[in-house]
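Report on one structure; see the data block that follows.
Numbering (our numbering), first residue to last: 9 to 74.
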């Protein structure tokens, strides 16, 4: 982790302090994207479960009337 900002400093030709900021922002962004993806997966699973429940409810109602 310590080498990350030194490598960024060399490759971008910026100060080590600026490189530390860049690495920190990159890691925060990566973490936020990962969390957002996990939340999206949870939402999709809940939606699928809701649709399945709705289908089951519809089948139950149809059975009662037929």
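Glycine included, C-beta positions come from ideal geometry on N, C-alpha and C.
Values in this document were obtained by computation on a predicted structure and should not be read as measured data.
Report, in whole angstroms, the separation of the C-beta atoms of residue i and residue j, which I expect to be a contact under 8 Å.
i: residue 14; j: residue 24; result: 7 Å
To which residues of the same chain is residue i closer than 6 Å at the C-beta, ignoring the five residues directly before and after it?
i: residue 12; result: 31
What's the C-alpha gap between residue i and residue j?
i: residue 67; j: residue 49; result: 27 Å
i: residue 57; j: residue 65; result: 12 Å
i: residue 78; j: residue 21; result: The chain is shown from 9 up to 74; residue 78 falls before or after that span and cannot be answered.
i: residue 55; j: residue 63; result: 12 Å
Go ahead and pull the three-state DSSP assignment for residue i.
i: residue 21; result: coil
i: residue 31; result: helix
By Cβ distance below 7 Å, which residues in the same chain neighbour residue i in space, the five residues on each side in sequence not counted?
i: residue 53; result: none
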